[in-house]
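Engineer:
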Amino acid sequence: MSHASLNKPAALSRRFSVAPMMDWTDRHYRYFARLITRRALLYTEMVTTGAVLHGDRQRFLGYNAEEQPLALQLGGSNAGELGQCASLAEQAGFAEVNLNVGCPSDRVQNNLIGACLMAHPQLVADAVKAMRDACTIPVTVKHRIGINGRDSYAELCDFVGQVHEAGCTTFAVHARIAILEGLSPKENRDIPPLKYEVVHQLKSDFPQLEILLNGGLTDLHIMQQHLEDLDGVMVGREAYHNPYMMAQVDQRFYGDDTPALSRLEVMAQMRLYIARHIEQGGVMHHVTRHMLGLFQGLPGARHFRRQLSTAIHQTDQPLALYDQLLSEMVQRLQPRDCGPEPA
16 MSHASLNKPA ALSRRFSVAP MMDWTDRHYR YFARLITRRA LLYTEMVTTG AVLHGDRQRF
76 LGYNAEEQPL ALQLGGSNAG ELGQCASLAE QAGFAEVNLN VGCPSDRVQN NLIGACLMAH
136 PQLVADAVKA MRDACTIPVT VKHRIGINGR DSYAELCDFV GQVHEAGCTT FAVHARIAIL
196 EGLSPKENRD IPPLKYEVVH QLKSDFPQLE ILLNGGLTDL HIMQQHLEDL DGVMVGREAY
256 HNPYMMAQVD QRFYGDDTPA LSRLEVMAQM RLYIARHIEQ GGVMHHVTRH MLGLFQGLPG
316 ARHFRRQLST AIHQTDQPLA LYDQLLSEMV QRLQPRDCGP EPA
């Protein structure tokens, strides 16, 4: 299972990363995203320490070599367990291990995981120290700008300062507070207002730290403006629902002029991956559910989504449906002559 012999990614850059998202950034999505951007840093879904230590390690720490550079996000608060998991992450070949101090879910609050840890900066500092002592890969923290009842800027600085003293130098900051009572995780991604200025102020007050901005980012041009002051952007839902926006990332954020694959080329290359997944006993929908936004904004996008979300469940020949859909998308995206469409 070990990936340690794989080539480690070259110098790790966090100028553009895809946020860890539960149920979304699994290995199938990450393989797909990597066909679109070679440079963006990808994150796993959050994995709890209990799952890593007591569950199926191949499932929770497994990935395709092509996904690198890849970071593992952990959920937990027990320093000893987090240290063990950080060591396992390094053995598995991950480029970074990240501690989740931002997830507002009730399920994780009860176990002192996620955003509720912002009320316990010393606990987070102890965890970071244990993780750093256990591995040589970077240890980073993803957090909110506050939680209800502890949302002042002074308290945010206290949190960042204590965790920095434990050796953390990279903070991915979701520019919203988390409201831990009365809002669902989904509502916590929309209702508390975005306060990008707080993240910029944090960078100004902690210039020696690497500060990444997360939350509500959709426009590449605006992201580049943020990067005039900040060190990186972390994009969540937009990178999932409109994945081909990442085709511009390598050139815009990394100065890499290698031509991006076209949407049709991405779809053709995913066909090989899907066939392999089915051969190994997998289900095509587990892969293609992540691809629904590939043609967003183009002719045939709705047809593409419908085929992969509905028709796929009504056929016993999913690869044949995929091949048919690929040929249909080729037709729909053919350059048209400028004359009127024939009747």
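Here the numbering used here is used: position 125 in the sequence shown is 140, and no number is missing along the way. In this text, a Cβ means the ideal position worked out from N, Cα and C, and glycines have one as well.
#1: In chain order, what are the residue ranges of uninterrupted alpha helix (DSSP H) at least 4 long that sit wholly in the segment 60-98?
#2: If you count every other CB in all the chains shown that lies within 10 Å of the CB of His-69, and 16 or more means buried, which is it?
#3: Does DSSP put Leu-21 in a helix, a strand or coil?
#4: Classify Ser-120: buried if its beta carbon has 16 or more other beta carbons within 10 angstroms, exposed otherwise.
#5: Would you say the segment 154-162 touches the segment 192-211, given that touching needs at least three Cβ pairs under 8 Å?
#6: If we count the other Cβ atoms within 10 Å of its Cβ and call it buried at 16 or more, is Ala-368 buried or exposed?
#7: So Phe-319 is in the alpha helix (DSSP H); what residue range does that whole segment cover?
#8: Within a Cβ cutoff of 7 Å, which residues of the same chain sit near Asp-41, ignoring the five residues on either side of it in sequence?
#9: Could you check if Ala-358 is buried or exposed, using at least 16 other CB atoms within 10 Å of its CB as the buried criterion?
#10: Whose C-beta lies closer than 7 Å to the C-beta of Ile-192 among residues of the same chain, with five residues either side of it excluded?
#11: Can you tell me where the beta strand (DSSP E) holding Leu-228 begins and where it ends?
#12: Under a Cβ-count criterion, where at least 16 other Cβ atoms within 10 Å of its own Cβ denotes burial, should Gln-83 be classed as buried or exposed?
#13: Considering Ser-32, what are the terminal residues of the beta strand (DSSP E) in which it resides?
#14: What are the start and end residues of each continuous alpha helix (DSSP H) run of 4 or more residues lying completely inside the segment 156-240, in chain order?
#15: Go to Val-302, then tell me how far its alpha helix (DSSP H) extends in each direction, as first and last residue.
#16: State buried or exposed for Ala-187, treating a residue as buried only when at least 16 other CB atoms are found within 10 Å of its CB.
#17: In terms of alpha-carbon separation, which member of Thr-233, Asp-265 and His-43 lies closest to Arg-252?
#18: Tell me the residue span of the alpha helix (DSSP H) that contains Glu-243.
#19: Looking at Leu-132 and Ala-104, is the spacing between their C-beta atoms short of 9 Å?
#20: Cα separation between Ala-275 and Lys-144?
#21: Let me know the secondary structure DSSP gives Ile-249 once reduced to three states.
#22: Does the Cβ of Arg-321 have 16 or more other Cβ atoms within 10 Å, making it buried, or fewer, making it exposed?
#23: Taking the continuous beta strand (DSSP E) assigned at Leu-50, which residues delimit it?
#24: So for Leu-341, helix, strand or coil by DSSP?
#25: Can you tell me which residues form a DSSP beta bridge with Arg-113?
#26: Which of helix, strand or coil does DSSP assign to Leu-57?
#27: Express the C-alpha separation of Cys-183 and Cys-172 in angstroms, rounding to a whole number.
#28: Looking only at its chain, what residues have a beta carbon closer than 8 Å to the beta carbon of Pro-355, apart from the 5 residues adjacent to it on each side?
#29: Count the other C-beta atoms from every protein chain shown that fall within 10 angstroms of the C-beta of Leu-313, then say buried if there are 16 or more, exposed otherwise.
#30: Relative to the C-alpha of Val-281, which candidate in Glu-243, Met-261, Leu-235 and Gly-98 has its C-alpha closest?
#31: Keeping to the same chain, check which residues put their C-beta closer than 6 Å to that of Met-238; ignore five residues upstream and five downstream.
#32: Roughly how many angstroms lie between the CA atoms of Tyr-78 and Val-175, to the nearest whole one?
#33: Cα-Cα, which of Leu-323, Cys-100 and Leu-57 is closest to Phe-31?
Structural biologist: So, from the data block:
#1: 64-69 and 72-76
#2: exposed
#3: Any reading at Leu-21 needs caution, since the residue's pLDDT is 41, under 50, leaving its predicted position unreliable; the model's value is listed next. In the structure shown, Leu-21 sits in coil (DSSP, three-state: anything other than H, G, I, E or B).
#4: buried
#5: yes
#6: Because the chain is modelled from 16 through 358, residue 368 falls outside the range shown and cannot be assessed.
#7: 316-324
#8: Cβ within range, chain order: Glu-60.
#9: Residue confidence is low: Ala-358 scores 42 on pLDDT, short of 50, so the model does not pin down where it sits. Its coordinate-derived value is still stated next. Flag for Ala-358 reads exposed.
#10: Arg-159, Ile-160, Gly-161, Ile-162, Asn-163, Asp-166 and Pro-207
#11: 225-229
#12: buried
#13: 31-33
#14: With a minimum length of 4 residues, the continuous alpha helix (DSSP H) runs that stay inside the segment 156-240 are 168-180, 200-203 and 211-220.
#15: For Val-302, the enclosing alpha helix (DSSP H) begins and ends at 299-303.
#16: buried
#17: Thr-233
#18: Unbroken run through Glu-243: none, as it is neither H nor E.
#19: no
#20: 40 Å
#21: Before going further, note that residue 249 is Met rather than Ile in the sequence given. Correct three-state label for Met-249: strand.
#22: exposed
#23: It is not in any beta strand (DSSP E) - Leu-50 instead sits in the alpha helix (DSSP H) that spans 42-51.
#24: helix
#25: This sequence places Asn at residue 113; Arg is not what is there. Note: Asn-113 sits in a beta bridge opposite Gln-88 and Thr-155.
#26: strand
#27: 14 Å
#28: Confidence is the limiting factor: at Pro-355 the pLDDT is only 46, short of 50, which leaves the residue's position unreliable and the question unanswerable from this model.
#29: exposed
#30: Selected option, being the one with the closest Cα: Met-261.
#31: Within the same chain, Met-238 has close Cβ partners Leu-232 and Val-248.
#32: 31 Å
#33: Leu-57
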